[in-house]
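Okay, structure first, notes after.
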Amino acid sequence: MQAIVKWLAVLAILAAAYVYGRPWFEDLGARIGLGTQGGGSLGEQCVAFAEGTVAEFVEKAEKWGDPPIQLERWSGSYRLLRGRLQDAYSHCGCELESCREGDRALDRLAALMESTNDSFRDGRPVDLDVPLDRLRAQLDQAARLAADGY
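Residue numbers for the sequence shown follow the numbering used here, so the first one is 4 and each next one is one higher.
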């Protein structure tokens with residue numbers, strides 16, 4: 004009976020190591036340039052995370068920023084967006100030109116998020132059209148660079 008319990012414990016440990024260790028090793032491989040299974044190049048991953056963060060920001064800003072501004076709900080979303088932005092930055096840390104361009108786009112997004120937050124706290128709505136057009140153009144450039152392998 005004790006042998007069965009020991010084998011079950013060993014199997015449970017191996018299963019946990021597989022479930023939690025495999026993603027960690029895949030992420031480590033991606034960070035050092037070994038690529039990922041079906042995830043695209045590092046530059047493409049950077050662009051995808053940056054675009055997702057921009058889309059989420061736009062959704063939240065439009066949802067909570069229409070007059071009357073729902074500051075309490077915006078504040079909760081803003082905190083989540085800051086975390087999402089940091090996650091996107093972590094995916095744009097490679098040395099490829101597409102990653103550097105994606106990182107610059109995230110810098111632009113961070114500034115836009117900050118100014119939007121300040122405006123909402125002052126009770127002023129924000130017109131995001133022009134800054135978002137510039138940001139999207141920068142992300143398009145990063146996507147082109149990633150597609151070309153840069």
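Each residue gets a CB set at the ideal place from its N, CA and C atoms; glycine is no exception.
For residue i, name the three-state secondary structure that DSSP assigns.
| i | result |
| --- | --- |
| G99 | A small fix is needed here, since residue 99 is Leu in this sequence, not Gly. In the structure shown, L99 sits in coil (DSSP, three-state: anything other than H, G, I, E or B). |
| L131 | coil |
| Y92 | helix |
| S44 | coil |
| I16 | helix |
| I7 | helix |
| Q144 | helix |
| D69 | coil |
| D125 | coil |
How would you label residue i, buried or exposed, when you count the other beta carbons within 10 angstroms and need 16 or more for buried?
| i | result |
| --- | --- |
| D106 | buried |
| Q141 | buried |
| K63 | buried |
| S78 | exposed |
| M116 | buried |
| G46 | buried |
| K9 | exposed |
| Q48 | buried |
Would you kindly work out how many angstroms separate the C-alpha atoms of residue i and residue j, rounded to a whole number?
| i | j | result |
| --- | --- | --- |
| C97 | A51 | 14 Å |
| A3 | D132 | With the chain running from 4 to 153 in the structure shown, residue 3 is simply not present. |
| Q40 | L14 | Low confidence applies here, because Q40 scores a pLDDT of 39, under 50, leaving its location unreliable; read the following figure in that light. Rounded to the nearest angstrom, the two C-alpha atoms are 26 Å apart. |
| D143 | C95 | 15 Å |
| L135 | R76 | 22 Å |
| I16 | Q5 | 17 Å |
| R124 | L109 | 22 Å |
| Q73 | L11 | 53 Å |
| R87 | V61 | 13 Å |
| D90 | A113 | 12 Å |
Using a threshold of 7 Å, state whether the C-beta atoms of residue i and residue j are closer than that.
| i | j | result |
| --- | --- | --- |
| L83 | R111 | no |
| L148 | S101 | yes |
| Y92 | N120 | no |
| P128 | P70 | yes |
| A58 | E104 | no |
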